[in-house]
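Below: one structure, written as structure tokens.
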Amino acid sequence: MSVYLTAINRLRIVKVREIKRESPTVKTITFHDKFCAKAEPGQFVMVWIPGVDEVPMSLSTMRSDGRCSITVGEVGEATKALHQRKLGETLGIRGPYGNSFTLANGNVMIVGGGTGLAPFIPLAEKLMGLSTRIFFVLGAKTHSELLFLQRIKTVLSKVDGRVIATTEDGSYGLKGVATDPAREILEKETFDMIYTCGPEQMMYKMLVLAERYRTPLQASLERLMRCAIGLCGSCVIGKFMVCKDGPVFSDEQLREVKDEFGRFKMGRTGKKVGI
-10 MSVYLTAINR LRIVKVREIK RESPTVKTIT FHDKFCAKAE PGQFVMVWIP GVDEVPMSLS
50 TMRSDGRCSI TVGEVGEATK ALHQRKLGET LGIRGPYGNS FTLANGNVMI VGGGTGLAPF
110 IPLAEKLMGL STRIFFVLGA KTHSELLFLQ RIKTVLSKVD GRVIATTEDG SYGLKGVATD
170 PAREILEKET FDMIYTCGPE QMMYKMLVLA ERYRTPLQAS LERLMRCAIG LCGSCVIGKF
230 MVCKDGPVFS DEQLREVKDE FGRFKMGRTG KKVGI
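The sequence shown finishes on residue 264 if you use this note's numbering, and the numbering steps up by one all the way, no holes.
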């Protein structure tokens, strides 16, 4: 194990500096950490909640002054405990781990949903200096669950960008799912890269669209992770381990695990469960 990996793998105790409610079920928690501040968009950290669990989280902010954040949806015991954290209380952090999105020049499309949008804010900030155009499609079930809309608009106001929001109940933006306008746009325009993160069925549909329109794609996968360094095997998908080989995978890699991508994941008992 390299000196760097040994250093980032040590548990660091950080204080909660800021808590922002993004939606009825999602909060962004800000802390300071020198290693996370140097992370690249798409990398993840392991977050330890004392007495509860340790869970993987994407970084939604990385600043050179050390300010970083995770964006947490309340979906289980660990995330419920994270939501109950107060200002000044502590968390344990390991990482950042895994690979990151490869930056693409030209015309790019970003398609995300739910807390899967978290790594796309720092990605869009990085792309500002490279891409000529960013087409951002985000989706949620309802208006109240639509995350980061204003923050995305602010970032894209500095480049040639366009934002399309979708809600399944039609309470904001276009009624439907994010893949609907993405398909319509791909019918009319050519893109140099598609980035996607969110529900895996959504990412699978984007992979199918990317193949149909011959567009390269990068997707950030989410799996059960315990060690984050490729030892426990709980995040395996086909020949890959998401923590070590991902979490960002290319369309070429995803075609190699198409029997599992969007269909199965490893459960806590070690058996495959449907997604």
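Just so it is clear, CB atoms sit at the ideal spot from N, CA and C, and this is done for glycine as well.
**Message:** Buried or exposed, going by whether 16 or more other CB atoms sit within 10 Å of the CB of Val168?
**Reply:** Against the sequence shown, residue 168 aligns to sequence position 179. First, the amino acid is wrong: residue 168 is Thr here, not Val. That one is buried.
**Prompt:** Buried or exposed: which applies to Ser120, given that a residue is buried once 16 or more other Cβ atoms fall within 10 Å of its Cβ?
**Reply:** Within the sequence shown, residue 120 is the residue found at index 131, counting from 1. Buried, since its Cβ has 16 or more Cβ neighbours within 10 Å.
**Prompt:** Are the Cβ atoms of Phe90 and Leu112 separated by less than 8 Å?
**Reply:** To locate residue 90, count along the sequence shown from 1; it is residue 101. To locate residue 112, count along the sequence shown from 1; it is residue 123. Yes, the Cβ-Cβ distance between Phe90 and Leu112 is below 8 Å.
**Asked** Taking the runs of the beta strand (DSSP E) that are 3 residues or longer, which of them lie wholly in the region 135 to 163?
**Response** The region 135 to 163 contains these whole beta strand (DSSP E) runs: 150 to 156.
**Request:** Look up Leu127 in the DSSP assignment and give the residues it is bridged to.
**Result:** In the sequence shown, counting from the first residue as 1, residue 127 sits at position 138. In the DSSP output, where bridge partners are listed per residue, Leu127 has Gly101 and Ala154.
**Asked** Whose CA, out of Ile99, Glu245, Asp181 and Val144, lies closest to the CA of Met191?
**Response** Working through the sequence shown from its first residue, we reach residue 191 at position 202. That would be Ile99, whose Cα lies nearest to the Cα of Met191.
**Prompt:** Below 8 Å between beta carbons: does that hold for Gly256 and Pro188?
**Reply:** Against the sequence shown, residue 256 aligns to sequence position 267. Against the sequence shown, residue 188 aligns to sequence position 199. Their beta carbons are not under 8 Å apart, which means Gly256 does not touch Pro188 by this criterion.
**Asked** Based on Cα-Cα distance, which residue from Ala208, Cys221 and Glu249 lies nearest to Pro236?
**Response** The count along the sequence shown starts at 1 and reaches residue 236 at position 247. The residue from Ala208, Cys221 and Glu249 with its alpha-carbon nearest to that of Pro236 is Ala208.
**Message:** Taking DSSP's pairing of strands, which residues face Val262 in a bridge?
**Reply:** As a first step, residue 262 is located in the sequence shown; it is residue number 273 there, counting from the start. Partner(s): Lys254.
**Message:** What residue range does the beta strand (DSSP E) around Arg20 cover?
**Reply:** In the sequence shown, residue 20 corresponds to position 31, counting from 1. One detail in the question is off: residue 20 reads as Phe in this sequence, not Arg. Where Phe20 is concerned, the enclosing beta strand (DSSP E) stretches over Val15 to His21.
**Exposure label - Ile264; buried when at least 16 CB within 10 Å** = Indexing the sequence shown from 1 puts residue 264 at position 275. By the beta-carbon neighbour count (other beta carbons within 10 angstroms, threshold 16), Ile264 is exposed.
**Message:** What residue range does the alpha helix (DSSP H) around Glu241 cover?
**Reply:** On the sequence shown, residue 241 is found 252 positions in, with the first residue counted as 1. Asp240 to Glu245 is the extent of the alpha helix (DSSP H) around Glu241.
**Prompt:** Do three or more CB pairs link the region 23 to 35 to the region 6 to 15 at distances below 8 Å?
**Reply:** no
**Item:** Helix, strand or coil at Val212 [DSSP, three-state]
**Value:** The sequence position of residue 212 within the sequence shown is 223, counting from 1. Reading the sequence as shown, one finds Arg at residue 212 and not Val. Reduced to three states, the DSSP call for Arg212 is coil.
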